[in-house]
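Participant: Below is one structure. I have some questions about it.
Residue numbers (my numbering): 1 to 747.
What follows is the structure, given as structure tokens:
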């Protein structure tokens, strides 16, 4: 047996040598030099002409055709570069040659500068990284093809790449600089630096590169025909067979040596052959003796080699049968035993529950809520309510065999002890909809009102019969009662203000205001927060409402974004809350684009601007901190021609000429500038965007009296005035009645 183990080890050693021998390679055969991770770094700068790039494309495909492509053999990636680097496909992208060829044919040249150092750093940090398919302990080979002098430094980064184990071949064409090629390539330079006069000669490098990558010997590079092993000799080869085999007369194929068939053994019963060797075995029921040749009969029961869990019955040499003790049965493995469970097998007759007591023994029981009958097999349900076995205060509800729950009469609820009951006080629990007073009874309620109020028909709500005398109405001039409410009126010649309480000769003018705020990166986040505070200061100075002043906000940088249109918010509080939530955009300063957006979108009726026929003034306010990156003249002029009053506010590096070009005439009243963001609150205080109608130089809403909506509005206003007069008369009549009652009481 020791000789057999030594022979087996020798066979494994020969197999290792055989499997690592290099296979054939030739013009029609792929090079199989071993796993390689290969990346082409190709120069696609503008100096590489289209037909030259096509030659470079063919050069890569020709080399790929000589390689054994595959994820477990040669992996290939392609990176092109000019002033930038672009990964066409990585080492892990393609496992088939045809997919690589298709990807190479689809490459579009970058046609820019020649940043070779940048490309080598990408090669080192990205292309040869595990994430891109680079394998550990596999050679990294890079082929750099360029036609010019690098526009950046290559020596240091190329040295770093070589120190990381990347073997670099530098191929220069036409205008390439030899000094730069030598700075990039791995030593020795005669093996890694190639310079050709024109692109159509680049295939010469391909032939030399193949010779470098693939060695040649007759065993691996020719059709030797050896079945097992080939041994190269100068100019020839010899075929050999693995141990246990002999070479046939053809000098190439091998045949196994069968010592059993040839009678070259001394086994007593059975000979088992393997190439060049054998082992002895015995017939069933016998075992091999220590001499590993003769055999003896086996009594497995006596030797305890039966595997029976309980009882072993000897049946002859090497043969036995397992059995089980009473109450157990033999399992399908014919060795182990399982207890007989009559409950599990359904051989019990119990109506509900069978309880296993032991092998072949059981008793019957009942589910909860049932009791066992005298036959000790069937069960009967238990009704605890009918039997009076409960402690419910009011109602016992049978829920099933042995189960009950307590309940209460209508108007009562079950307490936490789930047995006793308490009256339901809906008033005390707030489970009513009475406006003022709730009167409770068990499970029900009725509503009532406080003194001075009357219960309405809905039997829930109350009406205050004199609101003006019982609430703080806040009316500046006079409060007029209405059923369950009130409203304020003003003396003749004065107008009720937007708050519905104060009176005045002038209300703040109505305007449509759009603010354009600069969100470019030069503003910086902390200053942008000051800009938002500036916007909210402006909003605080306005009379904001749906019929009063409307406000829209637009932020711009390299693009324009409407934060909210004129139609979105109708209170100053909502607008200020929305301003504080605006996110800072950063990037460039396209003020002209923002003015165009304001003119074409922000002041459209679709976004809430009121029709021009209403003569509501339109005001635009531009806030910026720097020079615009586009032209502002066209849309600054168009905005003013469209009747928009333009304000320009500049901070820091804002250009005064641009601000003046945006601002309306007179420029001094519409142009503001400060050098520091912290001072913009002063500008907000000085901005006066609202004026009274009498002072607005005629810029008030002129309505067509014949328009339908204006007729309706006039009718509504007239009805309101009549209603106010009626209520005033009613109030005076009530006062007179009160005075009369006082006079009668004095009599």
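Glycine included, every Cβ here is placed at the ideal spot set by N, Cα and C. Bear in mind that the values here come from a model prediction, so they are computed numbers and not experimental data.
1. Can you tell me where the beta strand (DSSP E) holding residue 381 begins and where it ends?
2. With DSSP as the reference, label residue 726 as helix, strand or coil.
3. According to DSSP, is residue 289 helix, strand or coil?
4. Could you pull the start and end residues of the alpha helix (DSSP H) that residue 594 belongs to?
5. In this structure, does DSSP put residue 731 in helix, strand or coil?
6. Output the distance between the C-alpha atoms of residue 310 and residue 360, rounded to the nearest integer angstrom.
7. What does residue 423 pair with, by DSSP beta-bridge criteria?
8. Run through the DSSP bridge pairs and tell me what residue 121 is partnered with.
9. Determine, using beta carbons only, whether residue 227 and residue 260 come nearer to each other than 8 Å.
10. Between residue 439 and the rest of its own chain, which residues show a CB-CB distance below 8 Å, the 5 nearest in sequence each way excluded?
11. Is the segment 104-121 touching the segment 141-158 in the sense that three or more CB pairs, one from each, lie closer than 8 Å?
12. Beta-carbon separation of residue 555 and residue 681 under 8 Å?
13. Here's the rule: buried if 16 or more other CB atoms are within 10 angstroms of the residue's CB, otherwise exposed. What is residue 358?
14. Taking only three categories from DSSP, how would you classify residue 358?
15. To the nearest angstrom, report how far apart residue 559 and residue 664 are at their CA atoms.
16. Mapping DSSP to helix, strand and coil, what is residue 101?
17. Quick one: which unbroken alpha helix (DSSP H) runs of 4-plus residues sit fully inside the segment 537-592? Chain order, please.
18. Please classify residue 478: does DSSP put it in a helix, a strand, or coil?
19. Where does residue 658 land, buried or exposed, given buried means 16+ other C-beta within 10 angstroms?
20. Between the alpha carbons of residue 638 and residue 599, how many angstroms are there, rounded?
21. Give the secondary structure of residue 487 by DSSP, where H, G and I count as helix, E and B as strand, and everything else as coil.
22. Return the chain-ordered list of same chain residues with a C-beta closer than 8 Å to the C-beta of residue 748, the five sequence neighbours on each side being excluded.
23. Since residue 240 sits in a beta bridge, which residues does DSSP pair it with?
24. Run through DSSP, which three-state label would residue 680 get?
25. Does the structure place the segment 168-184 close enough to the segment 193-204 that three or more beta carbon pairs sit under 8 Å?
26. How do the segment 92-107 and the segment 58-67 stand: do at least 3 beta-carbon pairs fall below 8 Å, yes or no?
27. Please state whether DSSP places residue 602 in a helix, a strand or coil.
28. Among the candidates 274, 290 and 298, whose CA atom is the shortest distance from the CA of residue 283?
29. To which residues does DSSP link residue 323 through a beta bridge?
30. Using a 10 Å radius around the Cβ and a threshold of 16 neighbouring Cβ atoms, would you call residue 620 buried or exposed?
31. Per DSSP, residue 407 forms a beta bridge with which residues?
32. Buried or exposed: residue 36, going by 16 or more other Cβ atoms within 10 Å of its Cβ?
33. Checking 8 Å against the spacing of the C-beta atoms, do residue 591 and residue 624 come in under that value?
34. Please report the straight-line C-alpha distance between residue 576 and residue 547, rounded to a whole angstrom.
35. Do residue 662 and residue 642 count as a contact pair if the criterion is CB distance below 8 Å?
Facilitator: Taking the geometry as given:
1. Run containing residue 381: 379-381, per the beta strand (DSSP E) assignment.
2. DSSP places residue 726 within a helical segment (H, G or I) once states are collapsed to three.
3. Taken through DSSP and simplified to helix, strand or coil, residue 289 comes out as coil.
4. Run containing residue 594: 591-597, per the alpha helix (DSSP H) assignment.
5. Three-state result, residue 731: helix.
6. Computed Cα separation, rounded: 17 Å.
7. In the DSSP assignment, residue 423 is bridged to 412.
8. In the DSSP output, where bridge partners are listed per residue, residue 121 has none listed.
9. No. Outside cutoff.
10. Correct list, in chain order: 427, 445, 446, 447 and 448.
11. They touch, by the three-pair rule.
12. It is not a contact, given that the beta carbons lie outside the stated cut-off.
13. So residue 358 ends up on the exposed side.
14. It is a strand residue.
15. For residue 559 and residue 664, the distance between alpha carbons rounds to 25 Å.
16. In the three-state reduction of the DSSP assignment, residue 101 falls in the helix class.
17. Taking 4 residues as the minimum length, the alpha helix (DSSP H) runs contained wholly in the segment 537-592 are 572-580, in order along the chain.
18. Assignment of residue 478 by DSSP, reduced to helix, strand and coil, places it in the strand class.
19. Residue 658 is buried by the Cβ-count criterion.
20. Cα to Cα, the separation comes out at about 8 Å.
21. In this structure, residue 487 counts as strand in the three-state DSSP scheme.
22. Residue 748 lies beyond the residue range present for the chain, which begins at 1 and ends at 747; the question has no answer from this structure.
23. Paired residues: 229.
24. If DSSP states are grouped into helix, strand and coil, residue 680 belongs with the helices.
25. Contact holds: three or more Cβ-Cβ distances are below 8 Å.
26. The segment 92-107, when compared against the segment 58-67, does touch it at the 8 Å Cβ threshold.
27. Reduced to three states, the DSSP call for residue 602 is helix.
28. Comparing Cα positions, the closest option is 298.
29. Residue 323 is bridged to 311.
30. Residue environment for residue 620: buried (at least 16 other C-beta atoms within 10 angstroms of its C-beta).
31. In the DSSP output, where bridge partners are listed per residue, residue 407 has 395.
32. Taking all protein chains in view, the Cβ of residue 36 is crowded by 16 or more other Cβ atoms within 10 Å, so the residue is classified as buried.
33. Cβ distance < 8 Å, so residue 591 and residue 624 count as in contact.
34. Straight-line spacing of the CA atoms in residue 576 and residue 547 works out to 18 Å.
35. At the C-beta level, residue 642 and residue 662 stay beyond 8 Å of one another.
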